[in-house]
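What follows is a single structure, written as structure tokens, with notes after it.
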């Protein structure tokens, strides 16, 4: 079983999340009553609807995580599941996303937020950091 399938199964058991077809049409998704939160596009690529405010608040931490890709202007982050710690990070960020959507709900008047699967380019990992 791939990490994506394991993460999907674990997250689907969370009481606030329900499996649904993704609006983008690719893969599988989990949503709350109000928003799609996670899209599993492939066995390795997962898009997470973190909200623009949460991304701004945690941007430095997100940029330092090698599994995370940010797309300028997107309310979603892409997580590449390659090792077990990437799955742990995904679970933590889904919890953060749920909190962000409760604390700072997206206005019904706001345009629908497309996941990063529809963007041409996710920023590549920067492994040149001092590690």
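In this note's numbering, the protein residues as written are 269 to 399.
Where a beta carbon is used, it is the ideal one built from N, C-alpha and C, also for glycine.
Treat the numbers as computed from the prediction; the structure is a model and nothing was measured.
When Cβ pairs closer than 8 Å are counted between the two stretches, the segment 331 to 349 is seen to touch the segment 313 to 322, the count reaching three or more.
Per DSSP, residue 297 lies in no alpha helix (DSSP H) segment; the continuous beta strand (DSSP E) that holds it begins and ends at 296 to 299. Within the segment 271 to 345, the runs of beta strand (DSSP E) at least 3 residues long that lie entirely inside it are, in chain order, 286 to 288, 296 to 299, 304 to 308, 313 to 317, 336 to 338. Separation of residue 307 and residue 331 (C-alpha to C-alpha, rounded to the nearest whole angstrom) is 20 Å. Residue 353 places its beta carbon less than 9 Å from that of residue 335. Bounds of the alpha helix (DSSP H) holding residue 356 are 352 to 371. Counting only residues of its own chain and dropping the five nearest sequence neighbours on each side, residue 381 has a CB closer than 6 Å to the CB of 343.
Judged by beta-carbon spacing, residue 384 lies within the 9 Å limit of residue 339, meaning their Cβ atoms are closer than that value.
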